[in-house]
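Quick note: the sequence shown, position 104, residue 139 per this note's numbering, numbers continuous.
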Amino acid sequence: MGLKLELDVTFAARRPWVPRRADLERWTAAALADGARTGGARTDRTAPKRGHPARPVSLSIRVVGMMRSRSLNARYRHRDRPTNVLSFGGAGRLPDGSTDAGELVICAPLVAREAALQSKRPLAHWAHLTVHGVLHLLGFDHVGRAETGRMEALEVQILDRLGFSNPYVSPPA
Numbered sequence: 036m037g038l039k040l041e042l043d044v045t046f047a048a049r050r051p052w053v054p055r056r057a058d059l060e061r062w063t064a065a066a067l068a069d070g071a072r073t074g075g076a077r078t079d080r081t082a083p084k085r086g087h088p089a090r091p092v093s094l095s096i097r098v099v100g101m102m103r104s105r106s107l108n109a110r111y112r113h114r115d116r117p118t119n120v121l122s123f124g125g126a127g128r129l130p131d132g133s134t135d136a137g138e139l140v141i142c143a144p145l146v147a148r149e150a151a152l153q154s155k156r157p158l159a160h161w162a163h164l165t166v167h168g169v170l171h172l173l174g175f176d177h178v179g180r181a182e183t184g185r186m187e188a189l190e191v192q193i194l195d196r197l198g199f200s201n202p203y204v205s206p207p208a
């Protein structure tokens with residue numbers, strides 16, 4: 036039984052570069068499937084009940100610019116600066132059995148800047164931040180050392196399966 040993902044992607048910014056919708060969908064589906072299987076705090080939102088067919092999971096990704104990222108980060112995290120990705124949890128399981136997983140807000144210019152500063156391929160950095168954001172929606176976090184280790188290990192595993200290298204290891208100079 037595979038995951039039925041309903042992904043809504045909207046663009047308030049398309050520059051400097053944004054991956055294809057198909058890439059965002061593939062990364063999101065991989066993170067949802069592996070994250071639910073591994074067991075985040077809110078994975079009951081996406082995991083089908085035993086013996087039941089998978090119900091659709093809906094998730095939104097909104098690509099924004101620096102100003103919008105900054106205003107959302109200030110309002111919801113009380114940090115007056117743009118951030119690469121914000122995760123907003125959804126309603127969870129709905130009466131029809133489908134799931135509203137939530138929304139990711141990704142700041143395209145900041146992702147591009149970080150990729151350049153960290154000598155990473157933009158596609159790889161986008162994949163990492165998408166996976167990272169989805170895992171937050173599933174209840175994974177990086178507050179304490181143990182939680183951070185667990186979340187990063189899962190990110191590395193998912194990204195490896197998707198064909199990307201470990202984002203926490205600096206590329207050779």
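Cβ coordinates follow ideal geometry from the N, Cα and C atoms, glycine included.
| task | Leaving out five residues on either side along the sequence, give the residues of the same chain with a beta carbon under 6 Å from the beta carbon of Glu-41. | result | For the purposes of this step, residue 41 is identified with residue 6 of the sequence shown, where counting begins at 1. Excluding sequence neighbours, Glu-41 sits near Pro-91, Ser-93.
| Residue range of the beta strand (DSSP E) that Thr-118 falls in? | Numbered from its first residue, the sequence shown carries residue 118 at position 83. No beta strand (DSSP E) holds Thr-118; DSSP gives it neither H nor E.
| query | Hey, quick one: how far does the beta strand (DSSP E) through Ala-48 stretch, first residue to last? | reply | For the purposes of this step, residue 48 is identified with residue 13 of the sequence shown, where counting begins at 1. From DSSP, Ala-48 is part of no beta strand (DSSP E); its letter is neither H nor E.
| message | Just to confirm the assignment, what range does the beta strand (DSSP E) spanning Leu-94 have? | response | Mapped onto the sequence shown, residue 94 falls at position 59. It spans 91-99 - the beta strand (DSSP E) in which Leu-94 sits, taken as one unbroken run.
| Mapping DSSP to helix, strand and coil, what is Asp-135? | The residue labelled residue 135 in the question sits at position 100 within the sequence shown. Asp-135 falls in the strand class under three-state DSSP.
| request: Report yes if the C-beta distance between Ala-162 and Trp-52 is below 8 Å; otherwise report no. | output: Locating residue 162 in the sequence shown gives position 127, counting from the first residue. Locating residue 52 in the sequence shown gives position 17, counting from the first residue. Cβ distance not < 8 Å, so Ala-162 and Trp-52 don't count as in contact.
| Can you list the beta strand (DSSP E) stretches of 3 or more residues lying completely in the stretch 132-181, in chain order? | 134-142
| field | Enclosing alpha helix (DSSP H) for Arg-56 [first to last residue] | value | For this step, residue 56 is matched to residue 21 along the sequence shown. 56-73 is the extent of the alpha helix (DSSP H) around Arg-56.
| field | Spatial neighbours of Arg-185 in its chain, beta-carbon cut-off 6 Å, leaving aside the 5 residues before and after | value | Start at 1 with the first residue of the sequence shown, and residue 185 comes out as number 150. Cβ neighbours of Arg-185 beyond the five flanking positions: none.
| said: Short of 6 Å in beta carbon distance, which residues of its chain neighbour His-177, apart from the five on each side in sequence? Order them along the chain. | reply: Stepping through the sequence shown from its first residue, residue 177 is reached at position 142. Thr-183, Met-186.
| message | Rounding to the nearest angstrom, what Cα-Cα distance links Arg-148 and Ser-154 in this structure? | response | In the sequence shown, residue 148 corresponds to position 113, counting from 1. In the sequence shown, residue 154 corresponds to position 119, counting from 1. Looking at the two C-alpha atoms, the distance is approximately 10 Å.
| query | CB-CB under 7 Å to Asp-135, same chain, minus the five flanking residues each way: which ones, in chain order? | reply | The residue labelled residue 135 in the question sits at position 100 within the sequence shown. Answer for Asp-135: Ser-93, Gly-125, Ala-126, Gly-127, Leu-129, listed in chain order.
| query | Identify the residues that DSSP records as bridge partners of Arg-128: which are they? | reply | Taking the first residue of the sequence shown as 1, we reach residue 128 at position 93. DSSP lists Thr-134 as partners of Arg-128.
| query | Helix, strand or coil for Leu-194 per DSSP? | reply | Within the sequence shown, numbered from 1, the residue matching residue 194 stands at position 159. Three-state result, Leu-194: helix.
| message | Could you pull the DSSP bridge partners for Val-204 from this structure? | response | On the sequence shown, residue 204 is found 169 positions in, with the first residue counted as 1. Val-204 is not bridged to any residue.
| request: Answer with buried or exposed for Thr-45, where buried requires no fewer than 16 other C-beta atoms within 10 angstroms of its C-beta. | output: The residue labelled residue 45 in the question sits at position 10 within the sequence shown. Per the 10 Å Cβ criterion, exposed.
| message | By the three-class DSSP mapping on this structure, what secondary structure does Leu-42 have? | response | Within the sequence shown, numbered from 1, the residue matching residue 42 stands at position 7. Strand, per DSSP.
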